[in-house]
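Peer 1: Can you read through this structure? Questions will come right after.
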Amino acid sequence: MSATENATERAAELATGLATGLGAESATGPATESAAGLAAGSAAELAAEFAAAQWTRATGAGVDPHEYRRVTEGLASVADWGPSFLRTGHGYLERAEDAGSSVSAGEHLLMAARWFHLATLAPYAEAPRAAAEADRACGGALTVLEPEARRVSGEGFTGWLRGPADAPGTVVVVPGLDSAKEEFLDLVSALLARGLAVFAMDGPGQGALAGTTTLRPDYEQVVGRVADALGVARIGLVGLSLGGYFAARTAALEPRVAAVATVSGPFRLDWDELPPPVRDIMARRTGGADAARAFAQHVDLAALAPRITAPLLVVDGGRDVIPGVTNGGPLARRAPHGTYLSVPHGDHLLGNARPDWLPHLSDHIARTLADARA
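Taking UniProt numbering as reference, the numbering of the sequence shown is continuous, increasing by one, and the terminal residue is 374.
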């Protein structure tokens, strides 16, 4: 996220410079040709920087790194990001149609879902369409691969419940500011491998619901409705990025939370210090700049952390440094049963360091839910 924001901010700065500095040139002649060449070169450079910034997030979401390079190395501008990723996703839909087995078809559909979701990461008018296609592809894959998987939707949430009916516990996976359930399929797989049931969800302003709803700070109400819909007496929570705030807040206020983990979740946000790209994304997801500022003021776990009674694991990357964001260390220290895992070389969401945290987090959730059941 920090690298993405830096690249996006640089894109905005260079775009502003081109718009103002080149506007005084003559409409014809060598100066215009030079400006056009500079603009094209700068646009391609920015696209390359943006792609590099998204590298660990995309590969951490499960796309093939070599294919990622092939898709992104020819981008003429960041504006080409969304259409290129949509085309790649459609290619996987075609593979699914031509697949020689239902397993292959399902695997292709899951990969399509990943590419469709990643299409939404750059500013893109068709982002709601891409999110809807990600949702459909994921649902199609699970229908083929896991017929027992169940779509569960309610007020402010939608997602898929996967795993055995007699699982020792149910885990709710909560996405962040611009992520969605399709981004964390590998995390879900790790939890399923430990015998757990998993509900990967989109909440207000997220994923499939981003086009029709806005982010809300009182996410514990949404998770409460999820627990009601699933019919479970206790749940585990894993929240990623801003979802880490949602998960920690919910753990403090929803008594059915028996285990919780956060990954790159903020302890506190300072609106005035946040980079402009983060404020812009938050404004789009909350309904405007004023709503975004009000939302950011809610993101402060100082008073709630001592109320988290469930065992809590907080995971941060040492290279995840974003102005205006206080990372999870204070949360782990203030929670009565908090544990802190900082991976020095990890970036935001730690897609570059998954062996250093993903097995440990999955074991923490599985073990804690088993203990709560005993």
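In this text, a Cβ means the ideal position worked out from N, Cα and C, and glycines have one as well.
Pick helix, strand or coil for Y124, following the three-state DSSP scheme.
Peer 2: Coil.
Peer 1: Any contact between the stretch 156-165 and the stretch 264-271? By contact I mean 3 or more CB pairs, one from each, below 8 Å.
Peer 2: Not touching, per the Cβ criterion.
Peer 1: Using alpha carbons as the reference points, say which of G74, N352 and R70 lies closest to L46.
Peer 2: It is G74.
Peer 1: Tell me whether H298 is buried or exposed, calling it buried when 16 or more other Cβ atoms sit within 10 Å of its Cβ.
Peer 2: So H298 counts as exposed.
Peer 1: For G207, which residues of its own chain have a beta-carbon under 6 Å away from its beta-carbon, when the five flanking residues on both sides are left out?
Peer 2: So the qualifying residues of the chain are A131, A180 and K181.
Peer 1: Would you kindly work out how many angstroms separate the C-alpha atoms of R319 and T286, rounded to a whole number?
Peer 2: Each residue's alpha carbon lies about 27 Å from the other.
Peer 1: I'd like to know if G231 contacts chain B, where contact means its C-beta is closer than 7 Å to some C-beta of that chain.
Peer 2: Protein chain content of the structure displayed is limited to a single chain, and chain B is not contained in it.
Peer 1: For L86, tell me which candidate among P311, P336 and E126 has the shortest Cα-Cα distance.
Peer 2: Measuring from the Cα of L86, the nearest candidate turns out to be E126.
Peer 1: If you measure between the beta carbons of G224 and E254, is that distance less than 7 Å?
Peer 2: It is a contact, given that the beta carbons lie within the stated cut-off.
Peer 1: Excluding five sequence neighbours on each side, which residues of the same chain lie with their C-beta closer than 8 Å to the C-beta of D98?
Peer 2: Answer for D98: no residue qualifies.
Peer 1: State yes or no: is the C-beta of T339 within less than 7 Å of the C-beta of L301?
Peer 2: Not a contact, by the Cβ cut-off of 7 Å.
Peer 1: State the DSSP-derived secondary structure class of W160, mapped to helix, strand or coil.
Peer 2: In the structure shown, W160 sits in a strand (DSSP, three-state: E or B).
Peer 1: Quick one: complete beta strand (DSSP E) runs, 3+ long, within the UniProt domain "Serine aminopeptidase S33" (168-284)?
Peer 2: Counting whole runs of 3 or more residues, the UniProt domain "Serine aminopeptidase S33" (168-284) contains the beta strand (DSSP E) stretches 170-174, 197-202, 235-240 and 257-263.
Peer 1: Taking T59 as part of the beta strand (DSSP E), name the residues at either end of that continuous run.
Peer 2: From DSSP, T59 is part of no beta strand (DSSP E) but of the alpha helix (DSSP H) over W55 to G60.
Peer 1: Could you check how far apart the C-beta atoms of A251 and V260 are, in whole angstroms? I think they sit under 8 Å.
Peer 2: The Cβ separation is near 4 Å, so the contact holds.
Peer 1: Can you tell me where the alpha helix (DSSP H) with V152 in it begins and where it stops?
Peer 2: Not the alpha helix (DSSP H): V152 falls in the beta strand (DSSP E), residues R150 to G154.
Peer 1: Where D272 and V278 are concerned, what is the direct C-alpha to C-alpha distance, given to the nearest angstrom?
Peer 2: Cα to Cα, D272 sits roughly 11 Å from V278.
Peer 1: For T72, collect the residues of the same chain with a Cβ closer than 6 Å to its Cβ; drop the 5 residues on either side in sequence, then sort them by chain order.
Peer 2: So the list reads A51, once near-sequence residues are dropped.
Peer 1: Any idea if A76 is buried or exposed, counting beta-carbon neighbours within 10 angstroms, 16 or more meaning buried?
Peer 2: Its Cβ having fewer than 16 others within 10 Å, A76 is exposed.
Peer 1: Just the Cα atoms here: how many angstroms apart are residue 385 and R307?
Peer 2: Here the chain has residues from 1 to 374 only, and residue 385 is not among them.
Peer 1: Please state the DSSP three-state secondary structure of S342.
Peer 2: S342 falls in the strand class under three-state DSSP.
Peer 1: To which residues does DSSP link D316 through a beta bridge?
Peer 2: Looking at the DSSP assignment, D316 forms a beta bridge with S342.
Peer 1: Quick one: give me the first and last residue of the alpha helix (DSSP H) that A289 is part of.
Peer 2: Where A289 is concerned, the enclosing alpha helix (DSSP H) stretches over A289 to H298.
Peer 1: Reducing DSSP to helix, strand and coil, say where T88 ends up.
Peer 2: Residue state, collapsed to three classes: helix.
Peer 1: To the nearest angstrom, how far is the alpha carbon of A374 from that of G139?
Peer 2: Between A374 and G139, the C-alpha separation is close to 34 Å.
Peer 1: To the nearest angstrom, report how far apart L192 and A43 are at their CA atoms.
Peer 2: Looking at the two C-alpha atoms, the distance is approximately 42 Å.
Peer 1: Tell me which residue opens and which closes the alpha helix (DSSP H) that L361 is part of.
Peer 2: Looking at the DSSP string, the run of the alpha helix (DSSP H) that includes L361 is L358 to R373.
Peer 1: Is the distance from the Cβ of G236 to the Cβ of V173 below 7 Å?
Peer 2: Taking 7 Å as the Cβ cut-off, G236 and V173 do not qualify as a contacting pair.
Peer 1: Using the three-state DSSP reduction, which class does V144 fall into: helix, strand or coil?
Peer 2: The answer is helix: DSSP assigns V144 an H, G or I state.
Peer 1: Is E49 buried or exposed, if buried means 16 or more other CB atoms sit within 10 Å of its CB?
Peer 2: Burial call: buried.
Peer 1: Any idea if S101 is buried or exposed, counting beta-carbon neighbours within 10 angstroms, 16 or more meaning buried?
Peer 2: Under this definition S101 is an exposed residue.
Peer 1: With a cut-off of 8 Å, do at least 3 Cβ pairs link the stretch 103-120 to the stretch 186-203?
Peer 2: The answer is no - the stretch 186-203 does not touch the stretch 103-120, with fewer than three Cβ pairs under 8 Å.
Peer 1: Within the chosen definition, does the stretch 77-96 reach the stretch 105-119 through at least 3 CB pairs nearer than 8 Å?
Peer 2: Yes, they touch.
Peer 1: Report yes or no: do the stretch 317-335 and the stretch 194-212 share at least 3 C-beta pairs separated by less than 8 Å?
Peer 2: At 8 Å Cβ cutoff, the stretches do not touch.
Peer 1: Could you tell me the distance, in whole angstroms, from the CA atom of P217 to the CA atom of G243?
Peer 2: Roughly 10 Å between the two C-alpha positions.
Peer 1: Return the CA-CA distance between A149 and G231, expressed in angstroms with no decimal places.
Peer 2: Looking at the two C-alpha atoms, the distance is approximately 15 Å.
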